[in-house]
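J.: Take this structure first; my questions come after.
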Amino acid sequence: DLFHWLMSGSEVVEFTNATTTQFFNAQTGTWAYDLLEKLDLSTDMFGEVVSPGTNLGKLRPHIVKQHGVPNIDVVAPATHDTGSAVVGVPTQLTGTSGWAYISSGTWSLMGVEVRSAVLTPRALELNVTNEGGVDGTYRLLKNIMGLWLVQECRRSFERKGKSLDYATLVQMAEASTPFRSLVNPDDHDFLA
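Shown next, in the form of structure tokens:
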């Protein structure tokens, strides 16, 4: 959103990012103004929420002049990284129940696209989230511990002077005794 402002002067917040702030009301499709007021936060700093694909206007004239580039349109993409990753999935089933995705990195996100946010007691119980998608969809997803544990193991080895690549760590894991130790990274004891 900052880059959009720097490039076009447009003071907006893109939908896929707005929905991850916990200040967005998925029922109304706007900021949760009642919550913001209870927290004594100025609602002035919460700009208009726009959908991915919204034309935000032309490049600022000084950018065009300084860099010698054409005066092109600035268009809001899905600014949340997972939102962009999911829209890149080669499927014709967007917004339907015929497919699911896993986006894996430090965290893994497993989910489906739905036409509206799922705000039921069962969704709360299962600890699933609703993040904005493209074309008015929501990504109903579960955050799962991803590669963070492996990354931390690698960092720990490096602090002890052992530089191991990921392939070596995988080989070490494959050679170890199966289920010697079982760690549930989603256990509440690990919450800070």
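When we follow our numbering, the leftmost residue of the sequence shown carries the number 35, and every step to the right adds one. We put the CB at the ideal spot given by N, CA and C, even for glycine.
(1) On a CA-only basis, which of R149, S190, S215 and H222 is nearest N227? Give me that one, please.
(2) Closer than 8 Å is the cut-off here; do at least three beta carbon pairs connect the stretch 74-89 with the stretch 44-62?
(3) Does DSSP put W133 in a helix, a strand or coil?
(4) Using 8 Å as the threshold, is the C-beta distance between V146 and L174 below it?
(5) Can the beta-carbon of A60 be found closer than 8 Å to that of A151?
(6) Does the distance from the C-beta atom of A110 to that of H38 stay below 8 Å?
(7) Output the distance between the C-alpha atoms of I178 and T88, rounded to the nearest integer angstrom.
(8) Between L225 and G43, what straight-line distance do the alpha-carbon atoms span, to the nearest angstrom?
(9) State the CB to CB distance for the pair Y181 and G139, rounded to an integer number of angstroms; the pair is presumed to be in contact (CB under 8 Å).
(10) Can you give the Cα-Cα distance for R94 and D35, rounded to whole angstroms?
T.: Put simply:
(1) The question about residue 227 has no answer, for the chain in this structure spans 35 to 226.
(2) By the criterion of at least three beta-carbon pairs nearer than 8 Å, the stretch 74-89 is in contact with the stretch 44-62.
(3) Three-state DSSP puts W133 in coil, outside helix and strand.
(4) Contact flag set, yes.
(5) Contact flag set, yes.
(6) Result yes, Cβ atoms of A110 and H38 sit closer than 8 Å.
(7) Cα atoms of I178 and T88: separation of roughly 31 Å, rounded to the nearest angstrom.
(8) Pairing L225 with G43, the inter-Cα distance amounts to about 40 Å.
(9) According to the sequence shown, residue 181 is Leu rather than Tyr. That pair is a contact at about 6 Å.
(10) Straight-line Cα distance between these residues: approximately 15 Å.
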